[in-house]
Structure formats: structure tokens, C-alpha cells
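In my numbering, the protein residues as written are 436 to 700. For reference, the structure discussed in these notes is given below.
Here you go:
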């Protein structure tokens with residue numbers, strides 16, 4: 436797995452801008468003054484302990500959670516508390532969850548075709564051609580007429596990724612996409628996500644897979660207790676973290692820092 440090297444751009448386009456975001460659930464402050472920017476084509480991984488606010492951040496960006504303070508912009512358009520329709524939202528940002536959320540009564544093909552036809556107004560012929568291309572890209576040609584119950588967890592997650600891509604979103608968010616999978620199935624999903632990174636898709640990936648974050652990301656963000664503690668490019672982030680809390684977390688996840696971690700390019 437090799438990291439994508441993006442073409443330099445003197446004036447990168449902000450694909451995602453989060454400005455001073457705050458979010459609470461009752462008395463629990465989950466996000467505290469979060470600010471970050473993703474440039475177009477950038478792949479950013481977010482790591483951190485459970486309860487640090489990572490998933491809530493992703494859900495706020497895709498407008499599944501309201502925000503208490505701050506602003507969110509996608510490609511320059513205000514998105515928090517917006518009046519965007521479901522179809523507009525799906526074309527701005529696609530989100531992959533821990534659970535696959537496929538329609539159990541529909542085939543793989545129909546799961547992927549459904550939203551382009553019903554939401555985007557594509558013809559069935561156009562949607563079917565697109566779905567077959569996406570199915571081929573994730574290596575599931577032989578499962579095209581299978582129902583979700585006939586698929587492994589890794590295969591279901593690959594279908595879920597294809598379904599999100601069928602809406603042609605500008606940004607893809609992944610919320611722990613492998614956490615519900617058996618260990619032997621994790622690699623097949625990470626491989627699909629890594630391949631997607633090579634297409635230039637803007638992606639925010641919440642993950643506990645440290646080696647994957649290291650290899651595929653342009654930047655890694657560490658969150659803890661609702662704050663962004665540290666962020667850097669992977670080589671520096673993993674070999675020489677600055678914040679004591681980051682070092683503590685990575686030492687628990689990766690072991691000793693006696694030698695830098697080799698970065699695959």
C-alpha cells in the first residue's frame with residue numbers, strides 16, 4: 436500500500452472548512468472549538484481514543500448532527516444548519532459508517548442503483564452501467580445479484596462504499612469503516628479505500644488502523660477529549676509526535692519510539 440502524492444497546487448481549493456466547532460450532548464461537551472481545513476484531493480486520517488469526538492465531528496460535517504457553535508463549509512458553501520435537501524447533501528458528502536446499512540431485500544446491484552435513480556433522477560440504464568463499474572472496481576462482479584445476507588462483512592462494506600460513490604460526492608467521510616469486521620476481512624476494505632485515495636477523492640478517515648493512517652494519509656490528526664491535540668504529515672507525526680498525550684496514545688498503540696517508523700511512498 437503506497438501513499439498518494441498529490442500534485443502541488445499554489446492555490447488549493449478548500450474542500451472542507453470547520454471553524455470553531457462546538458457540540459454538546461446535554462452537559463457533555465463532545466467537541467470544543469474544533470477548526471480544520473481539508474484541501475481538495477487531500478486524505479486526512481483522524482485517530483484518538485474512544486470518546487474523543489471523532490465520530491461526532493464526522494457526523495457534524497455531513498449534517499447528521501446539529502452544531503452548537505461554529506461553522507462548516509463544503510467547497511465554500513455553508514453546511515451546518517443548512518437547508519440543503521437530502522439529494523444535495525448526498526452529492527456534497529458521502530459517509531461510510533461502522534455498520535453497512537444495506538437494504539436486505541435488494542441485490543448488490545439494486546442497492547447501488549437505488550439512490551441515483553430515486554434521488555438524482557438517473558435513468559435505470561445509466562444507473563445500472565455506473566453500478567456495474569463500481570461493483571467491478573471493488574471486486575464483486577460475481578456477487579452482483581447477491582443479497583446482503585449472502586455476503587461477508589467485508590463484502591457488505593465494499594458495497595456500501597460503492598453505493599456512496601454512486602452519488603458522486605465531492606468528499607467522502609469514513610467513520611471506523613473496519614471496526615465491525617472480523618480481523619481477516621479488514622484488509623479487503625482498507626485496500627478499496629486506499630485505491631480510492633489514488634483517484635484524488637477528498638477523504639476524512641476516522642480509523643484505529645495506525646499503519647493504514649500512516650501509509651495512505653497526507654495528514655494525520657490526533658483528537659482527545661473533544662480537542663485537536665496535534666496534526667502533522669505522517670512521517671513526522673508517527674516518528675516524532677510533539678504533544679505528550681499524542682506520544683502516550685501512540686506508545687500504547689504502536690510500542691516504543693526508539694526508531695522512526697518507515698513510511699511507504
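Heads up, the beta-carbon is just placed ideally off N, CA and C, and yes, glycines get one too. As the structure is a prediction and not an experimental result, all values here were calculated from the model.
Asked                                                                                                                                                                      : Found
Go through its chain and collect everything with a Cβ distance to residue 546's Cβ below 7 Å, but skip five positions before and after it.                                 : 537, 538, 594 and 598
Cα separation between residue 571 and residue 461?                                                                                                                         : 45 Å
Under a three-way DSSP split, which group does residue 546 fall into?                                                                                                      : helix
If you reduce the DSSP assignment to three classes, tell me which class residue 458 lands in.                                                                              : strand
Determine the closest residue to residue 523 out of 493, 532 and 555, with distance taken between C-alpha atoms.                                                           : 555
Assuming residue 611 and residue 641 form a contact by the criterion Cβ under 8 Å, report the distance between their Cβ atoms to the nearest whole angstrom.               : 6 Å
Should residue 509 go down as buried or exposed, given a rule of 16 or more other Cβ atoms within 10 Å for buried?                                                         : buried
Need the endpoints of the beta strand (DSSP E) that residue 666 sits in, please.                                                                                           : 662–667
Within 10 Å of its beta-carbon, does residue 709 have 16 or more other beta-carbons around it, so buried, or fewer, so exposed?                                            : Limits of the chain in this structure are 436 at one end and 700 at the other, which puts residue 709 out of reach.
Pull the bridge partners of residue 659 from the DSSP assignment, please.                                                                                                  : 662
So what does residue 508 bridge to, in DSSP terms?                                                                                                                         : 452 and 513
Whose CA, out of 464, 451, 458 and 487, lies closest to the CA of residue 663?                                                                                             : 487
Give a yes or no on contact between the segment 642–654 and the segment 613–623, applying the rule of three or more CB pairs nearer than 8 Å.                              : yes
Return the chain-ordered list of same chain residues with a C-beta closer than 8 Å to the C-beta of residue 678, the five sequence neighbours on each side being excluded. : 657, 664 and 665
Count the C-beta pairs between the segment 525–544 and the segment 484–499 that are closer than 8 Å, then say yes if the count reaches three, no if not.                   : yes
How should residue 452 be labelled, buried or exposed, when 16 other C-beta atoms within 10 angstroms of its C-beta is the threshold for buried?                           : buried
Taking C-beta to C-beta, are residue 457 and residue 504 nearer than 8 Å?                                                                                                  : yes
Where does the unbroken beta strand (DSSP E) through residue 645 begin, and where does it stop?                                                                            : Premise fails: residue 645 lies in the alpha helix (DSSP H), 645–651, not in any beta strand (DSSP E).
Using alpha carbons as the reference points, say which of 483, 495 and 485 lies closest to residue 455.                                                                    : 495
Hey, residue 742 and residue 562 are a contact pair by Cβ (cut 8 Å); roughly how many whole angstroms apart?                                                               : There is simply no residue 742 to check, as the chain begins at 436 and stops at 700 in what is shown.
Would DSSP call residue 496 helix, strand or coil?                                                                                                                         : helix
Identify which residue in 661, 660, 671 and 659 has its Cα closest to the Cα of residue 410.                                                                               : Nothing in the structure corresponds to residue 410, since the chain is present only between 436 and 700.
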